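Below: the structure, in C-alpha cells.
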Amino acid sequence: MTASPHILIVDDHREIRDLVSRALVREGFRISQASDGKAMRKILADARIDLILLDLMLPGESGLSLCRDIRAHSNVPIIMVTAKGEEVDRVIGLELGADDYLPKPFGTRELIARINSVLRRTQRSVQEPEAENQRRNYRFDRWVLSADSRELLRDDGVSLSLSTGEFDLLMALVERPQRVLSREQLLDLARGRAASAFDRSIDTQVSRLRKKLEADPSDPRIIQTVWGGGYMLAAKVTAE
Numbered sequence: 014m015t016a017s018p019h020i021l022i023v024d025d026h027r028e029i030r031d032l033v034s035r036a037l038v039r040e041g042f043r044i045s046q047a048s049d050g051k052a053m054r055k056i057l058a059d060a061r062i063d064l065i066l067l068d069l070m071l072p073g074e075s076g077l078s079l080c081r082d083i084r085a086h087s088n089v090p091i092i093m094v095t096a097k098g099e100e101v102d103r104v105i106g107l108e109l110g111a112d113d114y115l116p117k118p119f120g121t122r123e124l125i126a127r128i129n130s131v132l133r134r135t136q137r138s139v140q141e142p143e144a145e146n147q148r149r150n151y152r153f154d155r156w157v158l159s160a161d162s163r164e165l166l167r168d169d170g171v172s173l174s175l176s177t178g179e180f181d182l183l184m185a186l187v188e189r190p191q192r193v194l195s196r197e198q199l200l201d202l203a204r205g206r207a208a209s210a211f212d213r214s215i216d217t218q219v220s221r222l223r224k225k226l227e228a229d230p231s232d233p234r235i236i237q238t239v240w241g242g243g244y245m246l247a248a249k250v251t252a253e
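Under the working numbering, the first residue of the sequence shown carries the number 14, and numbering increases by one thereafter.
Spelled out as C-alpha cells, the structure:
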C-alpha cells in the first residue's frame, strides 16, 4: 500500500491549522501541526515529513528564517503561506529555497492543487538524497547495521537477516538514538502510515528485534521501553 503524504502545517493560529488540517485529511493526507519553529524542529526530527506548509508571519523566529534553516540541511518541499501584498518576503522566500508560495486567503482546491504539484515536482530530488544518506553502516553495542545489505552483523562475525518490518523499525531507531519515540512516530517512520487505536504491530516488531539484539530479551538494554512514552534505542550509535 502506498503511503499517503505527510504534511507539516506550521502556523501560530490554531484555528487556521485545524481548518487546513481537516481539509487535507479529507483528501487523504496525514497531518502534523506546529505553532512555532521549536515545535516544527521537533516534528521534523521525529517524523518523516513529505512537505511543509510554512506561514511567514510567526512569533519569534520568522518563517523566512525557518525556511533558510530547513534548506541548510534538508530538501523537504516547502510551500510558504504569505499575507496578501507580501511580495518582497515572497521573493526572498523563493530565493532561500521555498518551492512555491500561497497568498492568503486561499481556497481548499487551490491548496490541494499546489501541494500535489510541488510533491510531483520534487519527488525525485527528495528521494535521491535520502537514498544516498541511507548507504551507511550504524554501529551500536556489539552490532553493525548495514543500510545497503539490510543486514545485522554481530561483533563475532555472525550475520542475522532482518525482515522488511524489522529493518525499517531498527533504521528508525538507530537514526534517532537515545530519544524516546512513541508507537505512532515509529509507525510513521517505519511504515509511512498513521496508527489506528488498536495497532500493536510496533510492539510485535520490537519484541522480535529484542530476541535478535539483546543478551537477555526479558531485560532489554538496547531497545528500552519508556512507560507512557514509547521506545528508545539506549545504546550509543556511530554512523559510518
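Beta carbons: idealized from backbone N, C-alpha and C, even for Gly.
Being a predicted model, the structure only gives us computed values, none of them experimental.
As assigned by DSSP and simplified to three states, the class of residue i
i: G242; result: coil
i: I62; result: coil
i: N150; result: strand
i: D168; result: coil
i: M184; result: helix
i: V157; result: strand
i: V250; result: strand
i: L107; result: helix
i: L311; result: Because the chain is modelled from 14 through 253, residue 311 falls outside the range shown and cannot be assessed.
i: S17; result: coil
i: V89; result: coil
i: R27; result: helix
Nearest-angstrom Cα separation, counted from residue j out to residue i
i: L67; j: F119; result: 14 Å
i: R196; j: G243; result: 6 Å
i: S34; j: V157; result: 40 Å
i: D102; j: R81; result: 13 Å
i: T251; j: D169; result: 18 Å
i: G50; j: R155; result: 37 Å
i: D59; j: W240; result: 18 Å
i: Q198; j: A52; result: 15 Å
i: F180; j: Q218; result: 10 Å
i: E123; j: P116; result: 10 Å
i: V255; j: S78; result: Because residue 255 is not part of the residues shown, which for the chain are 14 to 253, the question remains open.
i: L57; j: I29; result: 20 Å
i: V21; j: G76; result: In the sequence on display, residue 21 carries Leu and not Val. Their backbone Cα atoms lie some 14 Å apart in a straight line.
i: V187; j: I65; result: 25 Å
i: S220; j: F42; result: 30 Å
i: K249; j: A185; result: 14 Å
Residue of the options minimising C-alpha distance to residue i
i: G73; options: S48, N88 and I92; result: S48
i: A111; options: R84, R122, L124 and L182; result: R84
i: D25; options: T238, I125 and V94; result: V94
i: L69; options: I105, I44 and H86; result: I105
i: R134; options: P233, L194, L246 and V89; result: V89
Supposed close pair residue i, residue j - CB separation, criterion 8 Å
i: I236; j: R223; result: 6 Å
i: E253; j: R127; result: Actually they do not touch by this definition, with Cβ atoms about 40 Å apart.
i: P18; j: L132; result: 6 Å
Worksheet item: Quick check: the region 152-167 against the region 30-45, are there 3 or more CB pairs under 8 Å?
Response: Touching, no.
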